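Have a look at the structure below before the remarks.
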Amino acid sequence: MHFSTRQVHAGFEPEGPYRPRATPIHLTAGFVFDDFEQGHERFAGTDDGFSYSRVGNPTSAAAERRIADLESGRGALLVGSGQAAVATTILALVSAGDHVLASGSLYEGTRELLRDDLARLGVETTFVRDHTDPAAWAAGIRPETKVLFAESIPNPKNDVLDIATVAEVAHRHGRPLVVDNTLGTPYLVRPLEHGADIVVHSASKFLAGHGTVLGGVIVDGGRFPWHDTGGRYPQLTAHRGVDGRTLVERSGAVAFLEHARRVAMRFGPVPSPINAFLILQGIETLSLRVARQSATALRLAQWLERHPSVESVDYSGLPSSPHHALARRYLPHGQGAVFAVTVRGGRDAARTFTDSLRLFTRMTHLGDTRSLVLHPATTTHVLRDEAELADAGIGPGLLRLSIGLEEPDDLIADLDQALATATAADLLQRAGLT
Ligand SMILES: Cc1ncc(COP(=O)(O)O)c(C=O)c1O
């Protein structure tokens, strides 16, 4: 069936004596064992019923089935945040002494997790400076590299990933490619269909979609040949469970997902069933929201690009973007709702512009129903020095916009008055009048 049908139906059938149409919120710590034997079987994994909500919950499971369906995956795991999804995925793949090869264009939280926290655990990461260069990916792979990691639409520069090309490099070397598809959303792009092996999301963003809850999800494409990697992933192919089988023998295509489920169970980043319900509810309108938000983003980006107070706009939907060709290939239904605009006049102009906005909300988040504005250099990227900021293309006048569901004309009017105020302040300053 089509995407819009699956986003309201996939993964849940009304059941039980009352047959509720909406997915019930199973707010319970644990689930009753019918008898002694069933308790044992749930723990041994020979009975796949629920036991304890840290291990699995029916509301979360419904969200997992729906997201796996929309991403063209074999299965999914819901966790407490996007960061939990990224951390759990990496932790499930690496051991001390291993290496991660990641795109240099990443969400700062992920970059810091890899650079600082995983490094402390003995896992080194190399960041590929130009992720559009397949030779750079190939050159970065070492014997101890366990995973390649990138984002489908990095922010704020909108430097779209060539998923198929990076997947080809990864597979040529027998490594899986993990793609963070938070900004792409399965409505705009499904990385698993282009060769990625695992997809992660911050469900807090477009999936939940209303700026209310946090959540994360890991989707397993179920195609990576773990059994055929010369023992590189012993957690999947060598360690035996209570039934004497390895995860690959027991779970086949979804062996990685089952392992990630255990890692999450032990580290404990559990989603609340209430959050799982709100994520499911958000997903019911995903295509409607994302199509509208992308269309509005394109209109605003076009308008901003022509504005005399604007230095540049980073949006892959614009023909002027160096990433437009990749956007046409991977994002034909819309290029997403997050982009950057650089106002003339540097940091002072960015400050006046930001503070003059009345409809845009000053907030660190993405994919809300409301439009948001943020100054990366002084917020998300505040730990970077000048050289690192320049390297990432984040100038002092650059602002990140996440476009919501407001009427486009109202958003343009707000941007217009804020740009006028910023420009007037800049002129006064230059004339020495302030
Ligand atoms: C691309 C991307 N991945 C992961 C995350 C982390 O998600 P969360 O805030 O849900 O932990 C974010 C958050 O901004 C993000 O933008």
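No gaps in the numbering here: position 107 of the sequence shown is 107 in the UniProt record's numbering, and each next residue is one more. All C-beta atoms in this analysis are idealised placements derived from N, C-alpha and C, irrespective of residue type, glycine included. Treat the numbers as computed from the prediction; the structure is a model and nothing was measured.
#1: With residue 148 and residue 166 assumed to form a contact (beta carbons below 8 Å), what rounded beta-carbon distance in angstroms separates them?
#2: When the Cα of residue 365 is compared with those of 210, 71, 153, which residue comes out closest?
#3: For residue 333, which residues does DSSP report across the bridge?
#4: Run the proximity test for residue 182: is its beta-carbon closer than 7 Å to any non-hydrogen atom belonging to ligand 1?
#5: Can we count residue 151 as close to ligand 1, meaning its CB is less than 7 Å from some heavy atom?
#6: Short check: CB of residue 255 to CB of residue 236, under 8 Å?
#7: CB-CB under 7 Å to residue 28, same chain, minus the five flanking residues each way: which ones, in chain order?
#8: To the nearest whole angstrom, what separates the beta carbons of residue 82 and residue 202, a pair I think is in contact under 8 Å?
#9: Would you mind reading off the limits of the beta strand (DSSP E) that contains residue 218?
#10: Any chance the region 390-398 sits against the region 334-345, with 3 or more Cβ pairs inside 8 Å?
#11: Residue range of the alpha helix (DSSP H) that residue 354 falls in?
#12: Does residue 392 pass the burial test, meaning 16 or more other C-beta atoms within 10 Å, or should it be called exposed?
#13: How many Å lie between residue 307 and residue 360 at the Cα?
#14: Would you mind sorting residue 320 into buried or exposed? The rule is 16 or more other CB atoms within 10 Å of its CB.
#15: So residue 410 is in the beta strand (DSSP E); what residue range does that whole segment cover?
#16: When the distance is taken between beta carbons, is residue 216 closer than 8 Å to residue 85?
#17: Would you kindly check if the distance between the Cβ of residue 138 and the Cβ of residue 169 is under 8 Å?
#18: Does the region 301-316 touch the region 38-51, meaning 3 or more C-beta pairs lie closer than 8 Å?
In short:
#1: Sure, about 6 Å apart at Cβ, within 8 Å.
#2: Looking at the Cα atoms, 210 is the closest of the given residues.
#3: Beta-bridge pairing links residue 333 to no other residue.
#4: yes
#5: yes
#6: yes
#7: 53
#8: The Cβ separation is near 2 Å, so the contact holds.
#9: 216-220
#10: Contact holds: three or more Cβ-Cβ distances are below 8 Å.
#11: 346-356
#12: Of the residues assessed, residue 392 falls on the buried side of the cut-off, its CB having 16 or more other CB atoms within 10 angstroms.
#13: 18 Å
#14: So residue 320 ends up on the exposed side.
#15: It is not in any beta strand (DSSP E) - residue 410 instead sits in the alpha helix (DSSP H) that spans 408-430.
#16: yes
#17: yes
#18: no
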